[in-house]
Ligand SMILES: Cc1ncc(COP(=O)(O)O)c(C=O)c1O
Ligand SMILES: Cc1ncc(COP(=O)(O)O)c(C=O)c1O
C-alpha cells in the first residue's frame with residue numbers, strides 16, 4: 001500500500017462461496033461405521049407422520065471441500081495469533097495452546113455430566129481447584145462456576161442480591177449503574193426485575209460520592225461498578241462507596257471484566273465488594289473463538305453464600321467431592337449442568353502456568369497501556385487524564401475537525417495490519433478510542449501500533465478521504481451495515497443464483 | 001485485480017522478520033519442569049574443554065511470538081488445503097486429517113525402534129498390513145518399507161538388481177533411462193555404481209522397441225521406466241520391454257511415482273515389472289509438508305527377495321511378528337531403523353479408508369486430467385497426443401511467439417489463485433506445462449482452472465508484459481534467483497541490521 | 001514467564017519511556033493500603049509438561065473404561081477429526097466477536113451458514129448465531145414470547161428436561177412470569193386434557209420438548225392449533241438435535257429452542273455446548289442474540305455483517321431483547337463444520353442408525369422378565385423402561401460391570417422411581433448393548 | 001467416498017465433456033488383458049471412526065505403561081503442543097517443496113531459519129534444508145568428502161552408531177569406497193594409535209560420532225589436526241543433538257552430520273526424523289540437499305528462494321551431488337519451531353538437566369555391587385555400564401517391572417556382551433531412575 005505501512009502487505013487470498021453453493025447430490029464428507037443391529041423402517045418405528053427423509057437444502061460435499069471451505073474462510077479473519085487485537089474491554093490476550101490440548105484429553109472432554117460422582121472425581125477436583133484459585137485472586141468467600149459468560153454472571157450476582165434482600169423482607173426496586181457501564185449491566189438488571197438508575201461519573205471519571213449518598217436509599221438493591229472503569233481508570237473510592245451502600249443495606253456488585261488490571265495487585269474482596277463476576281474468556285485467557293464460549297464465575301462474600309445456584313461443590317469426609325443439589329435458599333440454576341466445564345479447564349490451566357506470577361501479567365498489561373498512552377498523548381485527545389490501568393481511552397475530538405471519526409480511524413488501522421480498538425463505548429466518551437493491548441504484546445508490536453496511529457492521525461489531517469474510505473487493503477471494502485439491517489437477509493435460500501458463489 | 005480473476009482477491013497480510021530479529025535476552029517460550037535430582041556442574045561433569053554455556057545467536061522469544069511468527073509465515077504459503085495444486089508428477093492430493101490424528105496416537109508416535117519386539121506387535125502389524133496392501137496393489141511378491149523417499153527407493157531397487165547380477169557373477173555396467181525420466185533416476189543410477197545410458201522416446205512418447213533391442217546388451221543391468229511416463233502417457237509395451245530385457249538377463253525397474261494413474265486398474269507386477277518403488281507421499285496421500293517427509297517402499301518379484309534390506313518383517317509360528325536382521329544376501333540397510341514409520345501409518349490409514357475403492361480415486365484422477373486436456377486443447381500446444389492418464393503435458397510453443405514462456409504463465413497462475421503446474425520437466429518437452437490435478441479436485445475448481453488458463457493465454461497474446469512480470473498479487477514480486485545463487489546468503493548472521501525486520 | 005513477550009531490559013526501557021521509576025508507580029491510584037503486599041497463594045508456576053500431567057492425572061480419576069447409556073440432554077455421537085482441525089485454526093479460535101466485519105468475514109460467513117443450517121433443520125425461517133445452551137435458549141424463547149404477546153403465564157410440559165425447567169423458573173421468578181407444569185400420559189406425551197384445561201388467553205408460551213425427556217416424540221399439530229387459538233406461542237425445545245435427521249421438524253412451533261451439542265461437541269462434563277433459537281421471520285426483531293446478515297461492500301461485493309444490533313444490549317441497554325453478549329460462537333462453528341461434513345445423507349443415516357440401535361436395545365431389554373416399556377409413544381434414541389427393582393440398585397450392579405447405567409428418573413419424577421431412560425446412539429455397539437442387557441438381567445436376578 | 005469431491009452426476013457430465021462414453025475408455029491405452037477385472041483384495045473401506053479404532057487397537061499392542069531407558073540414536077525428549085499446532089497448519093502441512101518461491105515464502109523463510117539454527121548449533125558456516133536422517137546424512141557427508149578430496153578410503157570409528165555404519169557400507173559398496181573401522185579404548189573414545197596407524201593420504205573422510213554410541217564425548221582437536229594433516233576431512237556425526245546445548249560444538253569438523261530427532265520429533269518407531277549436513281562455506285557447492293537463500297524481489301524487498309539448485313538431481317541429473325529430492329521438510333520445520341521455543345536458555349537448561357539426570361543414574365547404579373562403568377571418558381545423557389550378568393537376562397527381569405531396560409551392546413559389539421548403554425533424559429523422573437536401580441539390583445540378586 002505505502003511506505004508508511006510497515007506491518008502488512010497485500011497477498012493473494014482465495015475466494016469462496018457459501019457451502020450450499022458447492023453441494024451436489026451424492027457427495028459425502030463423512031461416513032459411518034456399518035450398522036451392527038437390524039435396520040428398522042423409520043416410517044414404522046416413528047409413524048409415517050413423524051418420518052423425515054432428510055433435511056432439505058442440507059449441503060452434500062466431500063471432505064476436502066469442507067477443509068478448503070473453512071480454511072479459506074479462516075484466512076479472511078484477523079486473530080490474536082496473527083497480531084495485536086487491542087479491543088478495549090475485551091482483553092484479547094494470548095490463548096495458550098496447551099490449554100486446548102488438556103481440554104481435549106480423553107477423560108476430560110469425554111465425561112458426561114450425569115455420570116456417577118464417584119466416576120467424576122477428576123472433574124470435580126478441577127472445579128474445586130479453580131474455585132480456590134479464583135477465591136484467592138478475588139479475596140472472596142464463595143463462588144459459583146456455573147454462569148456461561150459475563151452477562152450471565154451479572155444476572156447470577158443480582159439474583160443473589162435479590163435473594164438476600166428478599167430474605168430480609170424486601171427485594172428492593174433499583175440498581176444503580178454508572179453511565180460508563182457496559183450494556184450488559186442495565187440489560188441484566190432488568191431481567192433480574194430491577195429498575196435501572198444511572199449514576200453520572202464526575203469529570204475525572206470517578207463516582208461522585210456526594211451524589212451517590214443522595215441516590216442510595218432503601219429502594220436501592222445494589223450498585224454495579226466496573227473497576228477499573230471502562231475508561232481504564234481505577235475507582236479509588238470503592239471502600240467509601242461500599243460503606244455508603246452498606247449503610248443503607250444495599251450491596252456492591254463489581255463487574256470484573258477488567259480484572260486483568262488487578263489480579264495479584266489488589267483484591268475486590270478486600271476493597272469491600274460484596275459480589276462480582278469474572279470473565280474467564282478475558283482475564284483468564286480462554287479463547288474467544290469468534291464470540292464465545294466463555295465462563296462468568298461469580299464470587300461473593302459469605303453473606304450471599306446460602307443463595308448459590310445449584311449444584312454446589314462440596315467436600316465430603318474423606319476428601320471425596322460431591323455436588324450438592326439440595327440447597328433450600330438457592331436462587332436456582334442459571335444454566336443446565338455445572339457450567340462451561342471445558343472453558344473452566346482452560347482457565348485453570350492458565351492459572352497453573354502462572355501461579356503467583358499472574359501479578360507479572362497484570363503489571364505488563366498496565367505497562368503496555370501506559371506505553372501506548374504516552375506514545376499517543378497529544379496526537380489523540382485524552383478526555384480523562386487520571387492514571388490509566390490496563391487500557392486507555394482517547395477520543396476522536398481532534399480528528400473530528402477534519403470529519404474523521406473513531407470508526408474511520410479504526411477501519412484505517414486494518415490497513416496498517418492491526419485489528420481496530422473498541423469504538424462503541426464507553427458512551428460517556430463521544431467518539432471513543434478504547435485501546436487495551438493486554439500483557440501479550442511485545443514492545444515491537446506496540447511501537448508499530450503507536451507509529452501506525454500517529455501516521456493515521458497525520459492522514460486524517462492531510463488526506464481525510466483516505467481514512468474515511470478505509471479499509472483499502474481487505475478483500476471486502478467497507479460493508480453496508482445500514483442496508484443489511486433495513487432488509488435483513490439472514491440465511492441462504494435454495495434457488496438463489498449460484499453465480500454469486502465465486503464473487 | 002481484475003474481473004477475469006474469479007478465484008482470488010487481495011487481502012491484508014502480516015509482515016514478519018526473521019525470528020532472530022525478535023530476540024531479546026531473558027525472554028522464554030518454553031519452561032522445563034524443575035530438576036528432581038542434584039544439579040551437576042557441567043564444567044566438572046564434562047570437563048572445562050567440552051563445556052558450552054549456551055548457543056550463541058539462538059533466539060530468545062516468548063511463546064506468543066513463536067505462535068505468531070510461524071502463523072504469519074504460514075499465511076505466505078499456498079497449500080492443498082487452500083486450493084488446487086496441479087504440480088505435475090507430484091500428485092498433490094488431499095491429505096486426510098484423520099491420518100494425522102492416528103499417527104500421533106500414544107502407542108504409535110511414542111514407540112522406540114529398539115524396544116522389545118514383544119512390546120511392538122502393534123507397530124509390526126501396521127507394517128505387515130501395509131506390506132500386504134501394497135503387494136496387492138502392485139502385484140508383486142516381496143517388499144521393503146525402509147526407503148525414506150522415492151529417490152531412496154530407486155537406489156534400493158538398483159541395489160537389489162545389482163545384488164542379483166552379482167550373484168550371477170557380474171554386476172553389469174549400465175542402466176538405461178528414457179530421456180523423459182525424473183532427475184532422480186540418473187542421479188540414483190550413478191550412486192548405485194552404474195553408467196547411465198539414455199533411451200530416446202519416439203514421437204509418440206513411447207519407448208522405441210527397435211532401438212531398445214539394440215541397446216539392451218549383456219552390459220545392461222536394468223531399464224528404469226516411469227509408467228505412465230512423465231508425459232502422462234501409458235507405456236503400452238511394458239510386457240514387450242520386459243521380454244527384451246529378460247532375454248538378455250536384464251531387469252525392468254519401474255519408477256512408480258505415477259501409480260496414481262494405475263492403482264486398482266492395472267498392476268505393474270502383471271505387466272512384467274521386476275521391481276519398483278512407490279511414493280507414499282504422492283499416491284498414498286501422506287502430506288508433503290513443504291518438501292517431505294515421504295516414504296519410498298520398493299516392491300519386487302520373488303527373484304529379488306533374498307536381497308531385501310535388513311531388517312525384514314517375518315511372521316513367526318503362532319502369528320507373532322518379528323524383525324529378521326540376519327539375512328545373508330541382503331544389500332544391507334539404506335537407512336536407520338525400519339523406515340519412516342509415521343509416514344507408513346498415514347499411508348495405511350489412507351488405504352483402509354478407500355479399500356478396493358482406490359480404483360475410484362484412480363478413475364477420478366484420470367477423468368480430471370482429461371477434462372483439463374479437453375478444456376485447454378488448442379489453447380496450448382499439445383506435443384504428445386496419445387491418451388492422457390493422470391496428467392497432461394502441454395508446451396508453451398504458442399505463447400512463446402509473444403515471448404511468454406511456461407514460467408511466466410505459471411507465475412501468472414498465482415495471480416489467478418492457483419499454485420502453478422510443474423515447469424521444470426519433462427526435459428523432452430521444451431517449455432513444458434505439466435499439469436496433474438489428481439482426483440481431489442472438484443469440477444468447480446477444474447472449471448476455474450481451465451478458465452484461468454484460457455484467460456492467461458489471451459493475456460499472453462494481448463498483454464504479454466502483464467504475464468511476463470507476474471505475479472502481481474503476492475506479497476513479494478518475482479524473486480531474483482540468479483542473484484541468490486551468485487552470492488549465496490544461506491543463513492542469518494548476528495549484527496545484520498534489524499531494520500530489515502519489518503520490511 | 002513463557003507467555004509474556006518482554007525481556008527485563010525491555011520492561012525497564014518501557015517504564016523509562018512512560019516516565020515512571022518502577023511499575024509500582026503505575027498502580028499508585030490504588031490506595032496503598034489495599035495493594036497486596038505478598039504473592040498470591042496459588043499453585044504453580046507449572047511448565048507446559050506439568051500442566052499436561054496435572055490434567056492427565058485428573059482424567060484418570062474419571063470414567064475411563066466404562067460404557068455409558070446416559071443421554072438426558074447430552075449425547076455421545078461421532079465427532080470428526082476434521083471439525084477439531086478447523087476450530088483449532090488460530091484465525092477462528094483466537095478472534096473476537098466479528099464487530100469489525102471487514103476483517104472477520106470468515107466468522108461472519110460461517111455464522112450465516114450456521115443460521116441457514118439451523119433453519120433447514122428446524123423448519124423455521126430465521127435462527128440466531130447461538131445462545132449459551134439449550135436450557136437458556138428455552139428460557140429466552142419464553143421471554144421472547146412474553147415480549148411478543150405481552151402475557152405472563154407459561155405452560156411447560158413436565159416432560160421437558162428437568163434442568164431446563166429449573167433454569168426457566170430461575171429467570172421467571174423476577175420477570176413476573178408464572179410457570180405452570182402440565183403432566184404427561186401413559187404415551188409419554190403431553191396430557192392434552194390437562195393442557196386444554198390450563199390454557200387461557202393469559203398464556204404467552206406453551207413449552208414442550210420433542211423428543212421429550214422420556215424419549216417420546218410429541219405430536220405437535222393439535223397442540224399448536226390450540227396454542228394458536230389461545231393467542232399463545234408454541235415453544236418447542238429439542239435436546240437431541242440428531243433426531244431431526246429422521247423426525248419431522250417442529251414446523252408448527254413459533255419458536256424452536258435447540259441444544260446443538262449432538263453436532264460435533266464433546267460431552268465435556270456439561271459444556272460448552274451451543275443453544276439455538278429459531279423462529280419466524282416476523283418475530284426476528286424480538287429475537288435475542290446475534291445475527292449475521294448478508295450485505296454488500298462499497299464496491300458491490302457480497303459480504304456479511306452483524307445486523308439488527310438494535311435488539312442487543314450494547315445498543316439498547318435496559319431495553320435490549322436479552323442481556324446476552326458473549327455467546328458460544330466456536331461451538332456453533334464446530335456444529336457448522338460437523339453438519340457440513342455429515343450433510344444431508346450423513347445426518348439421515350446417523351439418525352436412522354440411532355433409531356435402529358435404540359429399538360434393538362428395547363427389544364432385547366424387554367426380553368428380560370419384569371422389564372417393560374413405560375410409555376407407548378414413538379421414540380428416537382432414548383426410551384423409558386420400568387424395572388422390577390430400584391434403578392439405583394441395578395445401576396450399582398452395572399457399575400461393577402464397568403457400565404454406567406441409564407438415567408434414574410426417580411429424583412426428578414418421584415412417581416417414576418423404578419423407571420430409567422436408556423440412551424443408545426450410533427456409537428454404542430451391539431456388543432455393548434448386549435453387555436447392558438446381560439448386566440441388567442444379572443442385577444435383577446441377584 | 002468421502003475424499004472424492006464428485007457426485008455421480010458430475011462424473012457423467014465430465015465424461016460427456018471429455019467425449020467418452022464411460023471411464024473405461026480413458027484406460028484404453030492399457031492393453032485390455034492387463035486391466036484388472038475384479039476389485040483389489042484390500043481391507044476396507046473404513047469410516048473415519050473405524051480407521052481410528054484400528055490404530056487405537058494397534059497402539060494398545062505396543063509398549064504403553066513401560067518406562068524406557070533406551071536412547072541409542074532415538075531420544076525421548078519434551079515436545080511442546082505449540083510445535084504440533086504449527087506443523088499441523090494446512091499451509092505448512094499440505095504444501096509442496098517451495099519451487100515457486102513467490103507463493104511459498106513461509107516455508108522458505110522457515111528453512112532459512114532452520115539453516116541458521118543448525119549453523120549456530122554445530123558451529124559450522126552453512127547447513128542444508130535436511131537429509132532423510134542422521135544415518136544417511138553421515139553417509140552423504142562421506143560422499144561429499146569423496147567428491148572434495150577425490151579419495152576413496154574411509155576411516156570410521158567403531159563407536160559410530162552401528163546402523164549408521166551399516167548404511168555407509170551399503171552406499172559405499174558400489175561407489176568404490178573402502179570403509180575401515182577404528183576401534184576404541186577404555187575411555188570409550190577413538191583409539192588414537194590405531195587411527196594414526198590407519199590414516200594415509202588416500203583417506204577422504206574420518207568419521208566419528210560425539211557423543212558416540214557408548215555415550216562418550218570424543219576429543220576432536222587432535223583428531224582434526226591429524227586428519228587435516230593427511231588431507232582428509234573430518235566428519236562428525238551427532239545423534240543426540242540436545243548435547244549441543246551443553247557440549248562444545250564440533251567446530252573442528254569439516255562436515256557435521258546430525259540427527260535432529262531430539263528437537264521436537266516423536267520416536268515414532270524409527271521415523272520420520274530429520275538429518276542435517278552442516279559444513280564450511282567453501283564446500284557448499286559440493287553439499288547435497290536443498291538450500292534456501294536470501295534474495296530480493298523485483299521491487300527490492302527481501303525474500304527467499306531455493307538456491308544453488310545446480311547441485312541437485314533435477315538440474316544436474318547424473319552429475320548431481322546426491323539423488324535426494326523429497327527430504328524431511330516438515331520434520332525440519334518441527335525442529336525449527338521447537339528450537340525457537342526452547343531458545344538459548346531453554347536448550348542449555350534442558351541439556352544440563354540431561355547431564356544431571358544421567359550422572360545421578362550412574363551414581364545410583366554404581367552403588368549396586370558388580371555394576372561398573374565401562375568407559376572413563378566424559379558423557380552426556382548416555383553411559384555404558386558393565387553388569388555381572390547377561391544384559392538380556394537383566395532386561396527380561398526389568399520387563400516384568402514394566403521397565404524397558406538399557407540398550408544391549410552384545411549384538412553389535414560381541415566383546416561388550418555384558419555391557420549396556422543407559423539413556424536418561426529430562427523426561428525421566430528421579431522415581432523412574434530409582435525404579436530402574438531397584439530393578440537391576442533385584443535382577444542381579446535373582
Ligand atoms: C465491562 C464488561 N462487562 C460485561 C461484559 C459482558 O461479558 P460477556 O460478553 O462475557 O457476557 C463485557 C464484555 O464485553 C464487558 O466488557
Ligand atoms: C517421476 C518421479 N520419480 C522420482 C521422484 C523422486 O521421489 P522423491 O522426491 O520421493 O525422492 C519424483 C519426485 O518428484 C518423481 O516425480
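Protein chains in written order, with our numbering: chain C, 1 to 503; chain Z, 1 to 503; chain F, 1 to 446; chain X, 1 to 446.
Built from N, CA and C at the ideal position, the CB exists for glycine as well.
Can you tell which of the options has its C-alpha closest to the C-alpha of residue i?
{"i": "residue 441 (chain X)", "options": "X:421, X:368, X:16, X:388", "result": "X:368"}
{"i": "residue 237 (chain F)", "options": "F:411, F:444, F:220", "result": "F:220"}
I want to see whether chain X comes within less than 8 Å of residue i, judged by CB atoms only; does it?
{"i": "residue 449 (chain Z)", "result": "no"}
{"i": "residue 381 (chain Z)", "result": "no"}
{"i": "residue 441 (chain Z)", "result": "yes"}
Identify, in the order they occur along the chain, each residue of the same chain with its Cβ nearer than 8 Å to the Cβ of residue i, setting aside the five sequence neighbours on each side.
{"i": "residue 281 (chain X)", "result": "125, 126"}
Would you check if the distance between the CB atom of residue i and the CB atom of residue j is smaller than 8 Å?
{"i": "residue 97 (chain F)", "j": "residue 54 (chain C)", "result": "no"}
{"i": "residue 201 (chain Z)", "j": "residue 428 (chain Z)", "result": "yes"}
{"i": "residue 474 (chain C)", "j": "residue 13 (chain Z)", "result": "no"}
State yes or no: is the beta carbon of residue i nearer than 8 Å to at least one beta carbon in chain F?
{"i": "residue 284 (chain C)", "result": "no"}
{"i": "residue 81 (chain X)", "result": "yes"}
Would you please verify whether the beta carbon of residue i is less than 8 Å from any beta carbon of chain Z?
{"i": "residue 415 (chain C)", "result": "yes"}
Looking at the C-beta of residue i, does it have a partner C-beta in chain C at a distance below 8 Å?
{"i": "residue 502 (chain Z)", "result": "In this predicted model, residue 502 (chain Z) has a pLDDT of only 36, less than 50, meaning its place in the structure is not dependable enough to derive any value."}
{"i": "residue 200 (chain X)", "result": "no"}
{"i": "residue 314 (chain F)", "result": "yes"}
{"i": "residue 456 (chain Z)", "result": "no"}
Within its chain, find whatever has a CB closer than 7 Å to the CB of residue i; leave out the 5 residues flanking it on each side and keep chain order.
{"i": "residue 23 (chain Z)", "result": "59, 60, 61"}
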